Amino acid sequence: MSNQALLERIFSGRRALLKRTILLDALQCFMEHGIENTTIEMIRQKSDSSVGAIYHHFKNKDGIVAALFFAAQDDLNQLRQQYLNEIEQDHSLDFKSIISGVIFSYADWVTQHPDFARFQFSAHFNVSHGVHQSELKQKSQDQIKILLSKIKKIDQDLPHYPTELYASLVIGPTENYCRAWLSNKVQTSPHEYRHFLAEAALKSLI
């Protein structure tokens with residue numbers, strides 16, 4: 001799937017066309033030159049827009065970085081929810097199906113959107129240590145709460161872990177493999193290994 005399609009899902013409608021254009025070209029600049037080396041002027045030239053338009057929509061470069069980062073995060077979250085909803089509609093949720101839904105959606109999203117996935121990894125430090133850190137923390141906590149709420153619905157004796165550990169335990173091995181794939185250290189896509197990754201995540205929790 002294209003980078004443009006992702007942005008159209010998150011920023012839909014004709015009124016958001018310029019915003020999508022700036023973000024799409026900014027992403028290309030960040031991928032080519034790195035976040036630190038990219039300037040507003042480089043983005044302006046790439047997107048053939050005005051400095052005023054860029055500042056109107058994003059205020060500054062950090063705003064562009066955050067907008068791209070959260071667009072990717074929101075798109076991934078939507079796909080995860082779609083997978084979990086489909087599982088719930090097909091049969092009763094159990095612990096294995098929930099964990100599989102989380103891992104499958106993550107592996108598939110990274111495979112489908114490698115540019116955004118690479119950007120997310122490279123931009124995480126900027127967002128988590130900048131003015132948007134509280135928004136990132138809140139979004140992450142919200143997703144953990146959604147996952148835990150589904151797990152609590154299961155009539156099953158499961159081990160209890162501190163809430164802040166769940167993300168690392170569930171997604172850690174998959175995230176590590178995705179990083180290796182995105183940096184061309186391994187060749188097989190995360191999608192092709194998603195069953196093995198889901199099994200590893202499940203074993204780390206029970």
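Going by full-length UniProt numbering, 130 is the number at position 130 of the sequence shown; the sequence numbering is gapless.
Even for Gly, the Cβ is constructed at its ideal location relative to N, Cα and C.
Since the model is a prediction, treat every value here as computed from it, not as a measurement.
Taking C-beta atoms under 8 angstroms as the contact rule, I40 and I54 qualify, at a distance of about 6 angstroms.
Rounded to whole angstroms, the gap between the alpha carbons of A200 and H191 is 15 angstroms. Secondary structure at G130: coil, using DSSP grouped into helix, strand and coil. In the DSSP assignment, I206 falls outside any alpha helix (DSSP H) and carries neither an H nor an E.
Secondary structure at E36: coil, using DSSP grouped into helix, strand and coil.
In this chain, D48 is not harboured by any alpha helix (DSSP H), its DSSP state being neither H nor E.
Within a 10 Å sphere around the beta-carbon of S92 sit fewer than 16 other beta-carbons, which makes this residue exposed.
In the structure shown, D94 adopts coil according to DSSP, grouped into three states.
Excluding sequence positions up to five before and after Y193, its CB lies within less than 8 angstroms of the CB of A107, Y177, all in the same chain and listed in chain order.
Straight-line spacing of the CA atoms in L27 and E88 works out to 35 angstroms.
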